[in-house]
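Residue 984 is where the sequence shown starts when you use this note's numbering, and the numbers rise one by one after that. We put the CB at the ideal spot given by N, CA and C, even for glycine.
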Amino acid sequence: MGKVLIIGAGGVSGVTVHKCAQNSDVFKEIVLASRTKSKCDAIAAQLKRPVKTAQVDADNVPELVALIKKEKPGLVLNVALPYQDLHIMDACLETGVNYLDTANYEPPETAKFEYSWQWAYHERFKKAGIMALLGSGFDPGVTSVFCTYIQKHCLDEIHEIDIIDCNAGSHGQPFATNFNPEINIREITAKGRYWENGKWIETASLSVKQEFTMPEGLGSLNIYLMYHEELESIAKHIPHLKRARFWMSFGDSYLKHLEVLRNVGMTRIDEVDYNGHKIVPLKFLKALLPDPASLGSLTKGKTCIGCKVKGIKDGKEKNVYVYNICDHEECYKEVQSQAISYTTGVPAMIGAKLMMTGVWKGQGVFNMEQFDPDPFMAELNRCGLPWKVVTF
Ligand code: NDP
């Protein structure tokens, strides 16, 4: 059907490339470009289908424009870092090509992420007759689709949403992050924030916790309240909502390491002088930590991510929990990756597929909540992320 240009060659990208290759009826040609071409070549070498690779600095708009003009893709799929979002959107505008990402823009110098910067592109995308789909990973991404599915099929009104992201797996490393360490640590050390009765309420970072018992005998974990970007688009697009919160599980060892790293200043994102060189401690820490893409063969256990939603059906209070359980080792067998990258890379491919086939279409900048959840939910079942619905 068409050609996709995938930008970024990290953990998530590896999965997305595998999954696009499995859907060859839609993704007839795959071009993979990133800052380090050898990483693209390493991913391409895992596949039987040919994947064309290229070097590109996605912070350099003219370089991106030249690549897009040369390859003429139907869609640019951004799985580089949030810092590149606006540059890649600029290049898509200049070349008239559709855009998709999995994480919202974040300025490198401030640990803050919100949709305002990307929503500001809506009129320009609309005028250019092209579409941008924001946040098509798992969280953000599938979590929003779960909410719109519940809204469409299970409840008359949604009142409370708790998104719960649990990783009951282990990679056996003393301290490692499951996706890009810099982005991950910026997110986790930020203040907590949730939406209640039309207002944002802030909490100190990782200061609110509860125990959560996962379904299917996976056991119980401590989950911590965090701010996460889909809360912003959910609050905007789900009517009648009174409260929306996001929770993530962390083990005690992870939190102990993080506390020490914070206390000694290793999570700082400002430049410090070291022997006449300017270094950013968090970037230096990233260089020391395991590459998340290398954790695939080491990680065992399962993830469980879902949305617990309370609302009203036929005048009565009803609770609905929709979740996916994903097995790290099964993911590795299929695409040589752990489940965190898998649960992100698969929905990125699905969003791209729905755009390339015109099932999800529009002109402008869109979030996941703005589209019919049914085709996405069907693809999740087909593509390795089956889900279940529990009502109580
Ligand atoms: P990685 O760090 O493993 O990979 C990022 C890739 O982007 C690397 O290949 C890197 O190149 C490349 N890159 C960085 N800067 C540039 C640039 N200027 N030009 C070209 N390429 C560049 O990250 P992950 O794969 O773990 O994460 C990818 C994205 O997925 C992130 O935005 C992350 O926030 C998002 N994500 C979303 C989730 C969701 O559920 N929605 C969950 C997990 C992640 P190099 O290797 O040369 O450094």
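Who does residue i pair with in a DSSP beta bridge?
i       : result
SER1320 : DSSP, once it has assigned bridges, lists no residue as partnering SER1320.
LYS1095 : According to DSSP, which records beta bridges pairwise, LYS1095 is partnered with nothing at all.
HIS1260 : TYR1257
ASP1235 : The partner list for ASP1235 (beta bridge, DSSP) is empty, contrary to what the question assumes.
PHE1195 : LEU1204
MET1209 : PHE1229
LEU988  : VAL1014 and VAL1059
TYR1304 : LYS1291 and VAL1373
THR1109 : Note that residue 1109 is Lys in the sequence shown, not Thr. Answer is none; LYS1109 lacks a bridge partner.
LYS1299 : LYS1296
THR1286 : ASN1150 and CYS1309
Taking C-alpha atoms, which residue in the options lies nearest to residue i?
i       : options                               : result
GLY1328 : GLY991, LYS986 and GLY985             : GLY991
LEU1064 : ASN1006, GLY994, SER1007 and GLU1106  : GLY994
PHE1354 : PRO1056, VAL1034, LEU1271 and TYR1132 : TYR1132
PRO1275 : ALA1025, ASP1256 and SER1320          : SER1320
SER996  : MET1072, VAL1342, ILE1026 and ARG1228 : ILE1026
LYS1371 : HIS1311, ASP1310, GLY1259 and CYS1290 : CYS1290
SER1099 : THR1093, PHE1108 and GLU1089          : GLU1089
LYS1002 : ALA1335, ASP1084 and ILE1184          : ALA1335
GLU1185 : ILE1168, LEU1208, LYS1031 and PRO1198 : LEU1208
VAL1128 : ARG1365, GLU1362 and GLU1352          : GLU1352
VAL1039 : ASN1150, ASN1258, ASN1006 and HIS1070 : HIS1070
MET984  : LYS1219, ASP1008 and VAL1000          : ASP1008
ASP1042 : PRO1157, MET1072, GLN1029 and VAL1014 : MET1072
LYS1095 : TYR1210, SER1324 and VAL1247          : TYR1210
ARG1032 : ILE1166, LYS1011 and ARG1018          : LYS1011
LEU1050 : ARG1018, TYR1066, GLN1029 and LEU1030 : ARG1018
ASN949  : MET1231, CYS1023 and PRO1045          : The shown model of the chain, from 984 to 1375, leaves out residue 949, and the question about it has no answer.
TYR1066 : THR1085, PRO1091 and LYS1219          : PRO1091
GLU1194 : ARG1226, PHE1233 and GLY1259          : PHE1233
LYS1377 : VAL1014, VAL998 and THR999            : No information on residue 1377 is available, as it lies outside the stretch 984 to 1375 that the chain covers here.
GLY1187 : PHE1108, LEU1030, ALA1173 and GLU1199 : Before going further, note that residue 1187 is Ala rather than Gly in the sequence given. The shortest C-alpha separation from ALA1187 is found at ALA1173.
ILE1221 : LYS1344, SER1021 and ILE1144          : ILE1144
LYS1192 : GLU1170, PHE1229 and ALA1218          : PHE1229
TYR1237 : PHE1108, ASP1024 and HIS1154          : HIS1154
GLU1300 : PHE1375, ASN1258, VAL1044 and LYS1135 : PHE1375
ASN1307 : ILE989, ASN1258, CYS1366 and VAL1255  : CYS1366
PRO1198 : ASN1006, CYS1309 and LEU988           : CYS1309
ALA1227 : GLY1181, LEU1244 and ILE1262          : GLY1181
LYS1109 : PRO1356, LYS1344 and ALA1361          : LYS1344
ILE989  : ALA1028, PRO1045, GLU1054 and VAL1044 : GLU1054
Would you verify that the beta carbon of residue i is, or is not, closer than 7 Å to some beta carbon of chain B?
i       : result
CYS1149 : The structure shown contains no chain B, having only a single protein chain.
Mapping the DSSP letters down to three states, classify residue i as helix, strand or coil.
i       : result
ALA1115 : strand
THR1078 : helix
PHE1158 : coil
LEU1363 : helix
PHE1375 : coil
ASP1008 : coil
GLY1279 : helix
HIS1142 : strand
LEU1083 : strand
THR1019 : coil
SER1127 : helix
GLU1173 : Glu is not the amino acid found at residue 1173; the sequence shown has Ala there. Three-state result, ALA1173: coil.
ILE1184 : strand
GLN1038 : strand
ILE1147 : strand
VAL1348 : strand
GLU1179 : strand
GLY997  : helix
GLY1120 : strand
Since residue i and residue j are thought to touch, with beta carbons under 8 Å apart, how far apart are those beta carbons, to the nearest angstrom?
i       : j       : result
ALA1037 : ALA1016 : 4 Å
PRO1369 : GLY1120 : With a Cβ gap of about 17 Å, PRO1369 and GLY1120 do not count as contacting.
ILE1288 : ASP1122 : 6 Å
VAL1292 : CYS1130 : 7 Å
LEU1201 : LYS1285 : 6 Å
ASN1087 : LEU1117 : 6 Å
LYS1283 : HIS1311 : 6 Å
VAL1125 : LEU1271 : Not a contact, Cβ separation roughly 32 Å.
THR973  : ILE1147 : Summary: the structure shown does not reach residue 973, with the chain confined to residues 984 through 1375, and so no result is reported for it.
With respect to 6 Å, is the separation between the Cβ of residue i and the closest non-hydrogen atom of the ligand ADP below this value?
i       : result
LYS1035 : In the structure shown, the ligand ADP is absent; the only ligands present are the ligand NDP.
Quick one: any contact between the segment 1274-1282 and the segment 1250-1266, if contact means 3 or more CB pairs under 8 Å? no
Does the structure place the segment 1137-1155 close enough to the segment 1290-1310 that three or more beta carbon pairs sit under 8 Å? yes
Does the segment 1339-1352 come close enough to the segment 1098-1115 to have 3 or more Cβ pairs within less than 8 Å? yes
contact_flag[the segment 1263-1278, the segment 1108-1120] where n(CB pairs < 8 Å) is 3 or more: no
Segment contact, 8 Å Cβ cut-off, at least three pairs: the segment 1169-1181 with the segment 1214-1221: yes
Three or more C-beta pairs under 8 Å: does that hold for the segment 1040-1059 against the segment 1071-1086? Counting C-beta pairs closer than 8 Å gives three or more between the segment 1040-1059 and the segment 1071-1086, which meets the contact rule.
Should the segment 1337-1344 be regarded as contacting the segment 1308-1327, the criterion being three or more beta carbon pairs within less than 8 Å? no
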